[in-house]
Amino acid sequence: MRSRLFWILAIIYSSLHHIGSGSTSTTLKRPRAGDPFDTFPKNFWQEFSSPFTDTPEDEELEVTETTTHEPFPFFADPYTTLNISTQLSSSVYLHCRVNDLQGKTVSWMRRRGEDLTLITFGQHTYSGDSRYSLEFEEPNDWKLLIQFANERDEGPYECQVSSHPPLVLLVYLTIIVPHVEILDERGSATPEKYYKAGSTIELQCVISKIPHPSSYITWRHGLRLLNYDTSRGGISVKTDMLPGRALSRLYIANANRQDTGNYTCMLGNEITETVVVHVLNGEEPAAMQHANGSRNKVGASSTTMVVLFLVYVCLSGTGLELVLGLESPGGGLWR
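This is the structure:
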């Protein structure tokens, strides 16, 4: 920069010198020997006429404008950990929505401690469990389907994208096992129930821990389905689906001996509870149970006394003689 300034000042000085000398000749003359212009580089006028710029900034600006970045895949969901709950024996989808996949591959893994088991790779399923399958839904949802979920399916699953570094979405699956209980007309739970012939059998099935009821509640007497039974008559089933639970009532009018047996409340095919029903002729169930209990107590007491008496007799011959009151031919006690 200083050398260029020097030469500029020299040019200005030379021009002023020629003007001051009054020379009006327009004939171009070759510079004299020793003229400062002789020492100018050949490309001086080209460099001098070019605009002054800062070369490092130009290079940096050019790199910024011409460099482009390839879109990087990312999950559409804002969280990297999701919690999913499903009911026992139902089907459930685990969602993995990926944007800007750019030819990368999506895989589903099952994590057990430090071990990872491959379930799907792309749209191919590699699990030996036929309940697992991959369903892709446009535009970006790589869904893992688990059918007939059981308690062994509970735990963490990973959706992985084959980018660098790899993207991982953790999905924790919780299996909710409903609780089933059969109550009588008084709301009491009992594994065995007695009814008098001609009365009405009334049983209540209460099922709790149902996040999304997906199955109907059915009643069975042995193997016979009662919900739609019209052959007997007098059978009624009323079911109410409430938030988080279900209540089903079974009514059987004019009960008879043929109604004796096992009654089962079922949610789907795996959630069941059974109660044994006895239909009695004549005797009240409570009186029958009380009478049986009394007879059992009396029988037990009598048996205990007999056993103690026989033990005493075996251990003491004198005791036997006294009890029997036998005398010998000689007038004394028999020996």
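Quick note on numbering: the sequence shown equals residues -22 to -1, 1 to 313 in mature numbering (1 follows the signal peptide of the UniProt record, and there is no 0). All C-beta atoms, glycine included, are put in the ideal place defined by N, C-alpha and C.
Taking just the CA atoms, how far does residue j sit from residue i?
| i | j | result |
| --- | --- | --- |
| VAL215 | THR178 | 13 Å |
| LEU(-14) | GLU48 | 53 Å |
| GLN125 | ALA231 | 40 Å |
| TRP197 | ILE153 | 24 Å |
| ASN61 | PRO134 | 9 Å |
| THR103 | MET87 | 11 Å |
| GLU115 | PRO156 | 31 Å |
| ASN274 | ASN259 | With a pLDDT of 48 at ASN274, under the threshold of 50, the modelled position of this residue cannot be trusted; read the value that follows with caution. Those two C-alpha atoms are separated by around 21 Å. |
| ASN240 | PRO221 | 29 Å |
| GLY81 | THR98 | 16 Å |
| GLN138 | SER108 | 21 Å |
| LEU151 | THR64 | 8 Å |
| ALA233 | GLY211 | 11 Å |
| ASN270 | TYR173 | Reliability fails at ASN270, whose pLDDT of 48 lies under 50, so the model's placement of it is uncertain and no value is given. |
| PRO56 | LEU145 | 13 Å |
| GLU129 | ALA175 | 43 Å |
| THR250 | MET244 | 4 Å |
| GLY277 | TYR194 | Because the pLDDT at GLY277 is just 48, under 50, the model does not fix this residue reliably, and the value given afterwards should be weighed accordingly. Rounded to the nearest angstrom, the two C-alpha atoms are 49 Å apart. |
| GLY106 | SER166 | 46 Å |
| ARG202 | LEU66 | 24 Å |
| SER111 | ILE213 | 42 Å |
| LYS121 | GLY91 | 23 Å |
| HIS199 | ASN205 | 10 Å |
| LEU71 | GLY100 | The amino acid occupying residue 71 in the given sequence is Tyr; Leu does not appear at that position. Going by the C-alpha atoms only, they are around 16 Å apart. |
| ASP207 | THR217 | 16 Å |
| ASP119 | GLY246 | 29 Å |
| ILE188 | LEU161 | 18 Å |
For residue i, which three-state DSSP category applies?
| i | result |
| --- | --- |
| ASP237 | helix |
| ILE(-15) | helix |
| ASN259 | coil |
| HIS73 | coil |
| ARG88 | strand |
| LEU60 | strand |
| THR252 | strand |
| THR83 | coil |
| PHE50 | coil |
Need the endpoints of the beta strand (DSSP E) that residue i sits in, please.
| i | result |
| --- | --- |
| SER226 | 223 to 230 |
| LEU220 | 213 to 220 |
| LEU96 | 93 to 99 |
| ASN247 | Where ASN247 is concerned, there is no enclosing beta strand (DSSP E), given that its DSSP letter is neither H nor E. |
| LEU79 | Unbroken run through LEU79: none, as it is neither H nor E. |
So residue i packs on residue j, CB below 8 Å; how close in whole Å?
| i | j | result |
| --- | --- | --- |
| TYR229 | GLU180 | 6 Å |
| VAL253 | GLU163 | VAL253 to GLU163, Cβ: 12 Å. No contact. |
| GLU136 | LEU148 | 6 Å |
| SER69 | ALA127 | 7 Å |
| THR238 | VAL255 | 6 Å |
| VAL257 | ARG235 | 5 Å |
| VAL184 | LEU225 | 6 Å |
| residue 315 | PHE53 | Coverage of the chain is limited to positions -22 through 313, which leaves residue 315 absent and any answer about it impossible. |
| PRO51 | LEU79 | 5 Å |
| SER95 | SER140 | Looking at the sequence itself, residue 95 is Thr, so the reference to Ser does not match. Their Cβ separation, rounded to whole angstroms, is 17 Å, which puts THR95 and SER140 out of contact at 8 Å. |
Which complete beta strand (DSSP E) runs does the region 106 to 149 hold, if anything under 3 residues is left out? 110 to 115, 119 to 124, 133 to 139
Note down, one range per segment and in chain order, each alpha helix (DSSP H) of at least 4 residues found wholly within the region 143 to 208. none
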